[in-house]
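Visitor:
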Amino acid sequence: MIEPWLGLLLLKMAVAAAIVVSCSLLAERSGPLLAAMIATLPISAGPVYVFLALDHDAAFISASALASMSSNLSNAGLSLVYVLLAQRFCTVTCLVAALLTFFVLVSGLQALALPFSAMLVATPVVFLILHRIVRPYLAARPAITPRRPWYAIPLRAAAVAALAGTVTTISARVGPAWSGVLATFPIVLSSLIAILQPRIGGPASAAVIANSLLGLLGFGFAMALVHVAAVPLGSWPALGLGLLVCIVWNLGLMALARRRATP
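Under the UniProt record's numbering, the first residue of the sequence shown carries the number 1, and numbering increases by one thereafter.
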């Protein structure tokens with residue numbers, strides 16, 4: 001007979017995997033901008049934060065959100081490295097280099113323990129500068145219609161289920177800082193890279209990741225709001241406001257892009 005705690009853990013892993021797989025399937029069927037807007041919604045971090053809120057108090061969620069801001073900045077570094085390398089190199093080389101960049105940056109930022117004010121200023125500055133760098137790569141499209149390889153769904157499901165299970169299990173031991181980092185580990189971005197580049201090529205796959213930078217900026221603002229609001233308002237209202245910021249931000253980016261494209 002399964003122990004109650006193990007059954008709850010497996011349920012959390014299954015729910016998180018189902019959410020991420022469903023949303024990333026939608027991302028694969030759209031253009032680079034829409035795919036990026038879907039991928040940068042909190043479809044991985046969101047379920048993990050829900051489970052953290054079930055197990056911890058508002059102060060823990062607030063501290064975790066601050067750590068997620070540093071992890072989000074590290075995702076910006078991952079995105080830049082991947083976009084530049086994907087123009088010339090294979091999937092494995094690009095993905096390994098991008099993930100190494102993420103680990104180096106997030107470890108350094110955690111060691112620095114920057115205050116909230118510094119993180120709040122750094123977030124728009126970093127993402128807007130990097131967005132300008134990758135602008136030449138935003139519009140590349142695949143030469144063929146991508147077909148999902150057979151391992152696509154199992155790969156993403158296993159990755160996000162493992163993430164949710166790991167964060168839930170060790171959050172009490174590693175504390176809020178590394179829980180926040182783990183919650184925003186680039187599972188969705190890494191999965192999209194691993195699955196899309198072999199099918200549609202480096203430039204087209206890089207276009208999705210390049211378009212994600214402005215979406216990640218909105219996610220950074222959402223984490224800032226969760227950090228500020230969690231203690232005075234409670235974990236659930238703060239997480240709800242964070243989700244609302246992500247949705248409104250990405251919808252606004254899509255509306256702006258559509259307006260610019262209209263003659």
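Note that CB positions come from ideal geometry on N, CA and C, so glycine has one too. Nothing here was measured: the structure is a model prediction, and the numbers come from that model.
For the alpha helix (DSSP H) holding Cys246, just list the boundary residues, first then last.
Guide: Here residue 246 refers to the residue found at position 246 when the sequence shown is read from its first residue. First-last of the alpha helix (DSSP H) with Cys246: Ser235 to Ala261.
Visitor: Pop quiz: Ile61 and Ala53 are said to be a contact at Cβ under 8 Å. What is the actual Cβ separation, rounded to whole angstroms?
Guide: Here residue 61 refers to the residue found at position 61 when the sequence shown is read from its first residue. Here residue 53 refers to the residue found at position 53 when the sequence shown is read from its first residue. Yes, Ile61 and Ala53 are in contact; Cβ-Cβ is about 6 Å, under 8 Å.
Visitor: Since I believe Phe127 is in contact with Leu216 (beta carbons under 8 Å), could you give me their beta-carbon distance rounded to a whole number of angstroms?
Guide: Here residue 216 is taken as the residue at index 216 of the sequence shown, counted from 1. Here residue 127 is taken as the residue at index 127 of the sequence shown, counted from 1. About 6 Å; that satisfies the 8 Å criterion.
Visitor: If distances are taken between C-alpha atoms only, which option among Leu233, Ala257, Ser191 and Ile195 comes closest to Ile43?
Guide: As a first step, residue 43 is located in the sequence shown; it is residue number 43 there, counting from the start. The option with the nearest alpha carbon to Ile43 is Ser191.
Visitor: Do Asn72 and Leu138 have their beta-carbon atoms positioned less than 8 Å apart in this structure?
Guide: Along the sequence shown, read from residue 1 onward, the residue named residue 138 stands at position 138. Along the sequence shown, read from residue 1 onward, the residue named residue 72 stands at position 72. Contact: no.
Visitor: At the level of alpha carbons, what is the spacing between Phe89 and Gly77?
Guide: Sequence index remark: in the sequence shown, residue 89 carries index 89 (1-based). Sequence index remark: in the sequence shown, residue 77 carries index 77 (1-based). Roughly 18 Å separates the two Cα atoms.
Visitor: How many whole angstroms separate the CB atoms of Ala204 and Tyr82, which I take to be in contact at a CB cut-off of 8 Å?
Guide: The residue given as residue 204 occupies position 204 in the sequence shown. The residue given as residue 82 occupies position 82 in the sequence shown. In fact, because the Cβ distance is near 13 Å, the residues do not count as touching under 8 Å.
Visitor: Out of Phe103, Ala224, Ala229 and Met254, which has the shortest C-alpha to C-alpha gap to Trp178?
Guide: Translated into positions along the sequence shown, residue 178 becomes position 178. The shortest C-alpha separation from Trp178 is found at Phe103.
Visitor: Measuring only the C-alpha atoms, how far is Leu114 from Ala229?
Guide: Translated into positions along the sequence shown, residue 114 becomes position 114. Translated into positions along the sequence shown, residue 229 becomes position 229. Their backbone Cα atoms lie some 19 Å apart in a straight line.
Visitor: Of the residues Gln87, Met223, Leu120 and Ala224, which one's Cα is nearest the Cα of Ile193?
Guide: Within the sequence shown, residue 193 is the residue found at index 193, counting from 1. It is Gln87.
Visitor: Rounded to the nearest angstrom, what separates residue 264 and Val50 at their Cα positions?
Guide: No statement about residue 264 is possible, as the shown extent of the chain runs from 1 to 263 and does not include it.
Visitor: Please classify Ile133: is it buried, with 16 or more other beta-carbons within 10 angstroms of its beta-carbon, or exposed?
Guide: Taking the sequence shown and counting its residues from 1, the one referred to as residue 133 is at position 133. Answer is exposed; the Cβ neighbour count stays below 16.
Visitor: Using the Cβ count rule (16 or more neighbours within 10 Å means buried), how would you classify Ala118?
Guide: The sequence position of residue 118 within the sequence shown is 118, counting from 1. So Ala118 ends up on the exposed side.
Visitor: Using only CA atoms, which one of Thr93, Thr123, Ala36 and Pro47 lies nearest to Ala224?
Guide: By 1-based counting over the sequence shown, the position of residue 224 is 224. If we check each option's Cα against that of Ala224, Thr123 comes out closest.
Visitor: How about Val226 and Gly252: do their beta carbons lie closer than 8 Å?
Guide: Here residue 226 refers to the residue found at position 226 when the sequence shown is read from its first residue. Here residue 252 refers to the residue found at position 252 when the sequence shown is read from its first residue. Result no, Cβ atoms of Val226 and Gly252 do not sit closer than 8 Å.
Visitor: For Pro115, name the three-state secondary structure that DSSP assigns.
Guide: Position 115 of the sequence shown holds residue 115. The answer is coil: DSSP assigns Pro115 none of H, G, I, E or B.
Visitor: Within the same chain, show all residues whose beta-carbon is closer than 7 Å to that of Leu84, passing over the 5 residues directly before and after it, in chain order.
Guide: Taking the sequence shown and counting its residues from 1, the one referred to as residue 84 is at position 84. Closer than 7 Å at the Cβ level, and outside the excluded window around Leu84, lies no residue.
Visitor: Nearest by alpha-carbon distance to Cys246: which of Leu33, Gly31 and Ile38 is it?
Guide: To locate residue 246, count along the sequence shown from 1; it is residue 246. The option with the nearest alpha carbon to Cys246 is Ile38.
Visitor: Label Gly201 either buried or exposed according to how many other C-beta atoms from any shown protein chain fall within 10 Å of its C-beta, with 16 as the threshold for buried.
Guide: Along the sequence shown, one-based indexing puts residue 201 at 201. With 16 or more Cβ atoms within 10 Å of its Cβ, Gly201 is classed as buried.
Visitor: Going by the beta-carbon positions, is the gap between Ala183 and Ala45 smaller than 8 Å?
Guide: On the sequence shown, position 183 is the one that residue 183 refers to. On the sequence shown, position 45 is the one that residue 45 refers to. For Ala183 and Ala45, yes; Cβs fall inside 8 Å.
Visitor: Identify whether Leu213 lies in helix, strand or coil by the three-state DSSP scheme.
Guide: Working through the sequence shown from its first residue, we reach residue 213 at position 213. Here Leu213 sits in helix by DSSP.
Visitor: Is DSSP giving Phe103 helix, strand or coil here?
Guide: Within the sequence shown, residue 103 is the residue found at index 103, counting from 1. Three-state DSSP puts Phe103 in a helix.
Visitor: Please state whether DSSP places Cys90 in a helix, a strand or coil.
Guide: The sequence position of residue 90 within the sequence shown is 90, counting from 1. Three-state DSSP puts Cys90 in coil, outside helix and strand.
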